[in-house]
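For the sequence shown, position 98 matches number 99 in the working numbering, and the numbering has no gaps at all.
A short write-up of the structure that comes next.
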Amino acid sequence: MKIKLSVIIPVYKAKNTLPRAINSINNQNIKINTFKVEVLIIVDDGKNYKEIIPKIKKGITIKIIKTNGIKTGPGNARNFGIEKAKGDFVGYLDADDEWSENYLSKMLELVKKNGIAFAPTRVYDENNILIKHFEGKRQGYLDLKDIGDIPCSFHPFIIRNKQKKFEEIRSQDVYNNACILNEHNTKISMINGAYYKLNLQKKSVTKEDGFAHKINLAYIKYQIKSLKNKNLKIARVFAIRRINNIKYIQWKINNNNKSFYEYLNEKEN
Numbered sequence: 002m003k004i005k006l007s008v009i010i011p012v013y014k015a016k017n018t019l020p021r022a023i024n025s026i027n028n029q030n031i032k033i034n035t036f037k038v039e040v041l042i043i044v045d046d047g048k049n050y051k052e053i054i055p056k057i058k059k060g061i062t063i064k065i066i067k068t069n070g071i072k073t074g075p076g077n078a079r080n081f082g083i084e085k086a087k088g089d090f091v092g093y094l095d096a097d098d099e100w101s102e103n104y105l106s107k108m109l110e111l112v113k114k115n116g117i118a119f120a121p122t123r124v125y126d127e128n129n130i131l132i133k134h135f136e137g138k139r140q141g142y143l144d145l146k147d148i149g150d151i152p153c154s155f156h157p158f159i160i161r162n163k164q165k166k167f168e169e170i171r172s173q174d175v176y177n178n179a180c181i182l183n184e185h186n187t188k189i190s191m192i193n194g195a196y197y198k199l200n201l202q203k204k205s206v207t208k209e210d211g212f213a214h215k216i217n218l219a220y221i222k223y224q225i226k227s228l229k230n231k232n233l234k235i236a237r238v239f240a241i242r243r244i245n246n247i248k249y250i251q252w253k254i255n256n257n258n259k260s261f262y263e264y265l266n267e268k269e270n
């Protein structure tokens with residue numbers, strides 16, 4: 002059978018969460034009997050993950066690939082995965098996140114039709130309580146303006162040979178999506194009835210000291226690069242994200258133990 006989809010999972014210190022992420026692929030409500038799904042575990046911490054991989058149902062294969070170093074970053078890990086992928090399409094899942102049970106069927110249907118597909122992102126806290134639901138502001142679509150206004154990550158399915166390399170600094174997934182949307186006349190269809198589940202951890206990166214300042218430095222670099230390339234719409238996206246990030250930094254002074262997504266929830270309530 003032909004490989005239809007390559008799922009790329011960057012892995013760094015993820016032994017406690019990776020089985021759950023893989024099982025969310027395993028538990029999709031789609032019969033994989035006419036095509037194959039390959040899951041590429043891209044290991045960026047040099048550890049052995051083979052022993053914790055759950056039993057995989059027929060039609061899904063697992064490949065474990067080590068990057069060229071330790072903690073080279075999710076951008077570099079995703080690029081490793083793209084190079085090794087054999088599917089018609091590539092999709093993404095972080096090692097501490099999950100797919101809703103009909104995510105695969107909905108995303109495959111849309112990506113086969115349009116060459117690219119996005120899904121809403123739902124953010125859950127460490128107690129599995131929904132914090133926030135993010136989708137495009139125009140129902141059924143994600144557009145470039147949303148990337149500036151909506152402060153989260155979206156994870157596309159896309160034709161493999163259309164996927165460009167990721168940058169190797171923070172927020173590379175956000176920049177990648179901005180570039181994709183800019184090349185597709187800024188608007189792309191979103192699925193309904195399924196979502197990407199982003200799971201916050203007790204030691205979430207959004208709670209780390211200096212998180213917002215490091216993100217701001219990445220945004221500056223993307224803004225400068227976009228201006229140099231005369232991609233003014235992308236530059237505007239990161240200018241808006243910087244403004245929102247500064248507001249978060251000011252809020253964080255009095256809310257030191259709370260995450261970025263908790264800030265968003267308080268901001269709108």
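Glycine is no exception: its CB is placed at the ideal position from the N, C-alpha and C atoms.
Predicted model, so just to flag it, every value in this text is computed and none were measured.
- For aspartate 150, the number of other beta carbons within 10 angstroms of its own is below 16, and it is reported as exposed.
- Secondary structure note for histidine 214: its alpha helix (DSSP H) is the uninterrupted segment 212-229.
- Taking each of Val44, Lys166, Ile23 and Lys203 in turn and checking the Cα distance to lysine 14, the smallest one comes out for Val44.
- Straight-line spacing of the CA atoms in glutamate 169 and alanine 219 works out to 10 Å.
- In this structure, lysine 138 sits near aspartate 147, with a CB-CB distance shorter than 8 Å.
- If only uninterrupted alpha helix (DSSP H) runs of at least 4 residues are considered, those enclosed by the segment 162-212 are 173-184.
- Between the segment 83-95 and the segment 27-46 there are three or more C-beta pairs closer than 8 Å, enough to call the two in contact.
- Per DSSP, the continuous alpha helix (DSSP H) segment holding isoleucine 247 begins and ends at 233-253.
- Under DSSP, serine 7 shares a beta bridge with Glu39 and Val91.
- Looking at the backbone, the Cα of glutamine 173 and that of glycine 76 are separated by about 6 Å.
- Contact between asparagine 103 and serine 190 does not hold, since their C-beta atoms are separated by about 16 Å, which reaches or exceeds 8 Å.
- Secondary-structure assignment with DSSP links isoleucine 159 through a beta bridge to Val91 and Ile117.
- Take glycine 194, set aside five residues on each side of it, and the residues of its chain with a beta-carbon closer than 8 Å to its own are Asn103 and Lys107, in chain order.
- Sorting Lys248, Ile54 and Lys231 by C-alpha distance to the C-alpha of asparagine 217 places Lys248 at the top.
- Residues of the same chain with a CB within less than 7 Å of the CB of isoleucine 63, apart from the 5 flanking positions on each side, are Val40, Ile42, Ile54 and Ile57 in chain order.
- About 4 Å separates the beta carbons of serine 227 and isoleucine 235, which is inside the 8 Å limit, making them a contact pair.
- One Cα belongs to aspartate 126, the other to arginine 171, and the distance between them is close to 22 Å.
- Secondary structure at lysine 56: coil, using DSSP grouped into helix, strand and coil.
- Taking the Cα of arginine 237 as reference, the smallest distance to any Cα among Ala179, Ile160, Cys153 and Ile31 is reached at Ala179.
- Here glutamate 184 is exposed: its Cβ has fewer than 16 other Cβ atoms, across all protein chains shown, within 10 Å.
- Here DSSP, grouped into helix, strand and coil, assigns lysine 107 to helix.
- DSSP places glutamate 99 in the strand class (E or B) of the three-state scheme.
- Residue pairing by DSSP puts aspartate 144 in a beta bridge opposite Lys188.
- The Cβ atoms of proline 121 and asparagine 245 lie no closer than 8 Å to each other.
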